[in-house]
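Beneath this line is the structure, given in structure tokens, with notes to follow.
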Amino acid sequence: MLKSRKHVFWEALIITIAIFVIGLFLGMMVETGRSSEINDFYMQSEVNLIDAMALSQISNEKGADCETLRQRNIEFADKIYEEAKLLELYEGSGKLTGSMEVLHRKYDLLRTLAWISNLNALEECDNYNVITYLYEYEAEDTTKRATQSVWSRILLDVKHGDENLVLIPIAVDQDLTSLDVLLEEMGITSFPAVAVNKEKVFYELETAEQIKEFLD
Amino acid sequence: MEWLTVVYLAYTFFGFYFLSIYILTYLQNRKHLNESFVPDKVRTLSIIVPCYNEADSIGKNIEAFLRSDYKGLKRLIVVDDCSSDNSYEIIKKYAKKYPRVIALRTPKNTGKAAGAKNFGIKYANTELIGFSDADSIPNRNAISKMVGFFNDPKVGGATSRVFVSNPKNFLERIQAIEYKIIAFTRKLLGFLDSIYVTTGPLSIYRKEAFDDAGGFDENNLTEDIELTWHLVSKGWKVKMTIPAIIRSGVPRTIKTWFHQRIRWNVGGMQTVAKYRKKIAKCGMLGLFIMPFFTLSWILGLTGLGFLVYRIVGYVSTKYLIAKYSVSAQVAVLSMDGFALSPSILFFFGVLLFSLGLAYTVVAISHSKEKGLIIGYSVLDIFIYSFFYLIMYPPLLIISFFKYLRGYNTW
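Protein sequences appear in the order of chains B and X.
Sequential numbering of the first sequence, starting at 0, is according to numbering that gives the first Met the number 0.
Sequential numbering of the second sequence, starting at 0, is according to numbering that gives the first Met the number 0.
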């Protein structure tokens with residue numbers, strides 16, 4: 000009459016574990032798929048960068064074809080900027096695997112190379128501008144995160160109004176020796192910072208118009 | 000994996016586990032939800048009603064018990080705890096008119112229901128004893144639906160289903176939903192021998208079991224929880240009777256509701272502290288009731304922690320972004336903020352909430368009144384699920400501090 004039904008504790012545990020295993024497995028599958036998608040973009044971008052660097056070298060040796068160089072660098076920067084946005088979107092939802100973080104680091108290295116390449120190109124050609132946005136990827140301070148977010152919006156405003164602008168966002172806390180050395184050489188020690196060509200570095204928030212004053 | 004992700008996964012795991020227990024128990028026992036048994040013999044019963052300043056309701060309570068169809072109800076012992084109104088005079092009038100009614104008065108105000116209940120028990124020498132609140136009105140067949148459970152000699156207590164009496168204002172309506180879900184859940188826990196409280200409005204005990212547990216603990220603010228734990232720890236079974244309905248008054252104002260909930264929580268903490276050494280021992284008490292009781296607190300607090308952490312982080316960041324955006328002359332709102340790419344954690348949360356909501360609807364639909372399918376508006380259920388339940392954890396925190404400071408006021 001009053002039979003106990005305590006086997007339900009085991010059944011519920013099995014169901015819960017099953018839900019979790021299936022959920023985690025699906026989550027990892029999605030994250031791995033996204034990581035693979037970004038990785039494909041990355042490989043393409045890597046080829047494009049090497050191509051741009053080779054072009055830059057040819058231009059230096061045989062006389063600069065600044066228009067081609069400008070076009071190539073802007074196209075490349077725009078491409079990796081779009082990929083960075085996708086990466087950021089996927090990173091926000093990637094909670095289970097660390098694959099996105101590794102990709103982010105690889106992209107930061109790629110963007111550092113792009114920055115160096117553009118700085119070299121600017122020595123021969125002054126027909127375009129380079130803005131490098133240096134931020135902290137793992138900023139925990141709310142004020143800093145808010146400042147970085149507003150910097151992104153300002154630079155996007157600057158970028159939208161200028162077709163001759165290369166915008167390169169780079170996370171500085173990715174333990175990249177080449178980037179650290181470059182930043183030290185340029186005397187940039189606090190972040191977020193915005194480097195305009197080789198001339199000016201902003202540390203405090205400015206308006207888009209104030210930044211545009213420093214563009215050629 | 001971030002520590003916050005690990006905590007969130009642990010939170011959802013236990014949430015799923017408890018919900019799965021309820022859902023499986025419901026699916027496996029839904030045909031037995033309304034079970035009640037014909038008594039194999041008529042067991043004598045005394046009902047004890049503690050009363051303090053209940054002049055408005057005590058008469059209705061006595062009359063309702065006198066109308067009971069249970070033939071074994073021998074005594075209705077109404078104990079006035081030195082009311083300052085005319086409750087005792089009313090009780091005496093009924094005692095004069097009906098021989099089954101016994102009017103008692105404590106020598107001095109005990110300050111707690113447990114004091115008056117223990118005082119009244121001295122006058123009960125029946126096989127079964129029951130307790131009711133003075134503001135509660137049982138259905139005519141409530142007792143007869145409960146007593147059949149005592150056919151099983153291991154059953155030490157049986158409790159009833161409490162409906163909110165005539166809910167009028169919004170707070171009462173929300174509590175009406177809450178009480179129905181509590182009753183439904185308690186029935187499911189009954190299938191697992193894991194009922195953790197026998198309600199004050201109407202519960203019946205085997206006298207032998209009650210004596211075995213030593214009566215009500217007068218130092219505990221929730222003497223009914225304490226007694227139930229004591230019974231279970233002694234190996235007695237406790238059962239819930241869905242068809243036994245009693246209507247009871249609930250707090251009508253936020254202030255009285257708050258006071259009641261603090262008392263319930265502090266009483267729960269006193270009980271956990273008293274039985275802490277029984278964890279993992281004493282059958283279902285240590286194996287499920289205590290871990291379930293304490294884990295539900297931890298889950299509530301963790302959930303609140305997540306919510307506060309997220310909201311504070313979101314609001315403070317958005318505020319600073321807006322402030323800086325204005326000074327930098329850029330758009331305050333950005334479409335970047337609306338980009339959605341939900342993680343698996345989000346889907347876990349949505350699934351957990353959806354199952355919880357489905358459970359709420361099923362629980363309410365099993366307690367329908369007036370022939371309605373659900374009986375409540377979507378808005379009421381929405382407010383109950385989103386806002387009312389969120390009040391539990393803050394109350395728990397306040398209660399914990401009051402408990403630490405020795406709060407012990409009825």
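We put the CB at the ideal spot given by N, CA and C, even for glycine.
Original post:
Starting from residue 38 of chain X and walking both ways along the beta strand (DSSP E), at which residues does that stretch end?
Top reply: Mapped onto the second sequence, residue 38 of chain X falls at position 39. Where residue 38 of chain X is concerned, there is no enclosing beta strand (DSSP E), given that its DSSP letter is neither H nor E.
Original post:
Does any residue of chain B bring its CB to less than 7 angstroms from the CB of residue 422 of chain X?
Top reply: Because chain X spans 0 through 409 in this model, residue 422 of chain X falls outside it and cannot be assessed.
Original post:
In chain order, what residues of the same chain have a beta carbon less than 8 angstroms from the beta carbon of residue 102 of chain B, not counting five sequence neighbours either side?
Top reply: Within the first sequence, numbered from 1, the residue matching residue 102 of chain B stands at position 103. Close CB contacts of residue 102 of chain B within its chain, under the 8 angstroms cut and outside five residues either way in sequence, are with 34, 37, 38, 41, 86 (chain order).
Original post:
So, are the CB atoms of residue 196 of chain B and residue 149 of chain B less than 7 angstroms apart?
Top reply: In the first sequence, the residue the question calls residue 196 of chain B occupies position 197. In the first sequence, the residue the question calls residue 149 of chain B occupies position 150. For residue 196 of chain B and residue 149 of chain B, no; Cβs fall outside 7 angstroms.
**OP:** Measuring only between beta-carbons, confirm whether residue 19 of chain X sits less than 7 angstroms from chain B.
**Re:** As a working mapping, residue 19 of chain X is identified with position 20 in the second sequence. Cβ-Cβ to chain B under 7 angstroms: yes for residue 19 of chain X.
**OP:** For the alpha helix (DSSP H) holding residue 185 of chain B, just list the boundary residues, first then last.
**Re:** Residue numbering aside, residue 185 of chain B sits at position 186 when the first sequence is read from its first letter. Note, residue 185 of chain B: alpha helix (DSSP H), 176–185.
**OP:** Give a yes or no on whether the C-beta atoms belonging to residue 44 of chain X and residue 125 of chain X are separated by under 7 angstroms.
**Re:** The residue labelled residue 44 of chain X in the question sits at position 45 within the second sequence. The residue labelled residue 125 of chain X in the question sits at position 126 within the second sequence. In contact: residue 44 of chain X and residue 125 of chain X (Cβ atoms closer than 7 angstroms).
Subject >> Where residue 130 of chain B sits in the DSSP three-state scheme >> reply: If you number the first sequence from 1, residue 130 of chain B lands on position 131. Residue state, collapsed to three classes: strand.
**OP:** Just tell me which of X:245, X:275, X:196, X:387 has its CA closest to the CA of residue 170 of chain X.
**Re:** Your numbering for residue 170 of chain X matches position 171 in the second sequence. Closest by alpha carbon: X:387.
Subject >> CA nearest to the CA of residue 260 of chain X, picked from X:176, X:98, X:398 >> reply: Position 261 of the second sequence, counted from the start, is the residue given in the question as residue 260 of chain X. Selected option, being the one with the closest Cα: X:398.
Subject >> Segment contact flag, the region 67–75 of chain X with the region 131–143 of chain X, C-beta cutoff 8 angstroms, min 3 pairs >> reply: yes
**OP:** Confirm, please, whether the CB-CB distance from residue 363 of chain X to residue 186 of chain X is below 7 angstroms.
**Re:** As a position in the second sequence, residue 186 of chain X is number 187, starting the count at 1. As a position in the second sequence, residue 363 of chain X is number 364, starting the count at 1. Not closer than 7 angstroms, so no.
Original post:
Can you find a C-beta in chain B that's less than 7 angstroms from the C-beta of residue 226 of chain X?
Top reply: Your numbering for residue 226 of chain X matches position 227 in the second sequence. No - not a single Cβ of chain B is within 7 angstroms of the one on residue 226 of chain X.
Original post:
How would you label residue 107 of chain X, buried or exposed, when you count the other beta carbons within 10 angstroms and need 16 or more for buried?
Top reply: Along the second sequence, one-based indexing puts residue 107 of chain X at 108. Burial call: exposed.
Original post:
Can you tell me whether DSSP reads residue 391 of chain X as helix, strand or coil?
Top reply: Taking the first residue of the second sequence as position 1, residue 391 of chain X is located at position 392. Note: residue 391 of chain X maps to helix in three-state DSSP.
Original post:
Taking any Cβ of chain X, which residues in the region 150–166 of chain B have a Cβ under 7 angstroms from it, in chain order?
Top reply: 152, 153, 156
**OP:** Give the C-beta separation of residue 114 of chain X and residue 225 of chain X to the nearest angstrom, bearing in mind that I take them to be a contact with Cβ-Cβ under 8 angstroms.
**Re:** Residue mapping note: residue 114 of chain X aligns to position 115 of the second sequence, counting from 1. Residue mapping note: residue 225 of chain X aligns to position 226 of the second sequence, counting from 1. Between residue 225 of chain X and residue 114 of chain X the Cβ distance is about 14 angstroms, and since that is not below 8 angstroms, they are no contact.
**OP:** Identify which residue in X:37, X:60, X:40, X:55 has its Cα closest to the Cα of residue 48 of chain X.
**Re:** Mapped onto the second sequence, residue 48 of chain X falls at position 49. Of the candidates X:37, X:60, X:40, X:55, the one whose C-alpha sits nearest the C-alpha of residue 48 of chain X is X:60.
**OP:** Report yes or no: is there a C-beta of chain B within less than 7 angstroms of the C-beta of residue 324 of chain X?
**Re:** If you number the second sequence from 1, residue 324 of chain X lands on position 325. Yes, residue 324 of chain X counts as interfacial toward chain B.
Original post:
Using a beta-carbon distance below 7 angstroms, is residue 358 of chain X in contact with chain B?
Top reply: Against the second sequence, residue 358 of chain X aligns to sequence position 359. So, not an interface residue.
Subject >> the region 166–184 of chain B touching the region 13–28 of chain X, judged by at least three CB pairs closer than 8 angstroms >> reply: no
Original post:
How many Å lie between residue 4 of chain X and residue 89 of chain B at the Cα?
Top reply: Working through the second sequence from its first residue, we reach residue 4 of chain X at position 5. Working through the first sequence from its first residue, we reach residue 89 of chain B at position 90. Residue 4 of chain X and residue 89 of chain B have their C-alpha atoms spaced approximately 16 angstroms apart.
Original post:
Who pairs with residue 192 of chain B in a beta bridge, going by DSSP?
Top reply: Taking the first residue of the first sequence as position 1, residue 192 of chain B is located at position 193. In the DSSP output, where bridge partners are listed per residue, residue 192 of chain B has B:133.
Original post:
How many angstroms separate the CA atom of residue 53 of chain B from the CA atom of residue 64 of chain B?
Top reply: Working through the first sequence from its first residue, we reach residue 53 of chain B at position 54. Working through the first sequence from its first residue, we reach residue 64 of chain B at position 65. If you take the alpha carbons of residue 53 of chain B and residue 64 of chain B, they lie about 13 angstroms apart.
Original post:
Residues of chain B with a CB under 9 angstroms from the CB of residue 346 of chain X: which are they?
Top reply: By 1-based counting over the second sequence, the position of residue 346 of chain X is 347. Within chain B, the C-beta atoms nearer than 9 angstroms to that of residue 346 of chain X come from 22, 25, 26, in chain order.
**OP:** Give the residues of chain B in contact with residue 194 of chain X, contact being defined as C-beta atoms less than 9 angstroms apart.
**Re:** Numbered from its first residue, the second sequence carries residue 194 of chain X at position 195. Residues of chain B passing the Cβ test: none, with the nearest at roughly 12 angstroms.
Original post:
Which partner residues does residue 292 of chain X have in the DSSP bridge list?
Top reply: Working through the second sequence from its first residue, we reach residue 292 of chain X at position 293. Note: residue 292 of chain X sits in no beta bridge, so no partner.
Subject >> Contacting residues, own chain, Cβ-Cβ under 8 angstroms from residue 82 of chain X (five flanking each side not counted) >> reply: Translated into the one-based positions of the second sequence, residue 82 of chain X becomes position 83. Correct list, in chain order: 50, 51, 52, 53, 54.
**OP:** Below 8 angstroms on the Cβ atoms is my guess for residue 193 of chain B versus residue 132 of chain B; work out the distance and round it to an integer in Å.
**Re:** Walking along the first sequence from the start, residue 193 of chain B turns up at place 194. Walking along the first sequence from the start, residue 132 of chain B turns up at place 133. Indeed they touch by this definition, with Cβ atoms about 5 angstroms apart.
Subject >> CB of residue 145 of chain B within 7 angstroms of CB of residue 320 of chain X, strictly >> reply: The residue given as residue 145 of chain B occupies position 146 in the first sequence. The residue given as residue 320 of chain X occupies position 321 in the second sequence. Yes. Within cutoff.
Subject >> N-terminal and C-terminal residue of the beta strand (DSSP E) that residue 56 of chain X is part of >> reply: Position 57 of the second sequence, counted from the first residue, corresponds to residue 56 of chain X. Counting along the chain, residue 56 of chain X falls outside any beta strand (DSSP E), and DSSP gives it neither H nor E.
**OP:** Could you say if the region 250–269 of chain X and the region 346–361 of chain X meet the contact criterion of at least three C-beta pairs nearer than 8 angstroms?
**Re:** no
**OP:** Look at the Cβ atom of residue 365 of chain X, then the Cβ atom of residue 183 of chain X, and state whether they are nearer than 7 angstroms.
**Re:** To locate residue 365 of chain X, count along the second sequence from 1; it is residue 366. To locate residue 183 of chain X, count along the second sequence from 1; it is residue 184. For residue 365 of chain X and residue 183 of chain X, yes; Cβs fall inside 7 angstroms.
**OP:** Please name the residue in B:211, B:187, B:208 whose C-alpha comes closest to that of residue 202 of chain B.
**Re:** Your numbering for residue 202 of chain B matches position 203 in the first sequence. Looking at the Cα atoms, B:187 is the closest of the given residues.
Original post:
So which residues of chain X does residue 144 of chain B contact, with C-beta pairs closer than 7 angstroms?
Top reply: As a working mapping, residue 144 of chain B is identified with position 145 in the first sequence. Ordered by position in chain X, the residues that pass the 7 angstroms Cβ test against residue 144 of chain B are 316.
Original post:
Who are residue 74 of chain X's beta bridge partners in DSSP?
Top reply: Against the second sequence, residue 74 of chain X aligns to sequence position 75. Its beta-bridge partners are X:45.
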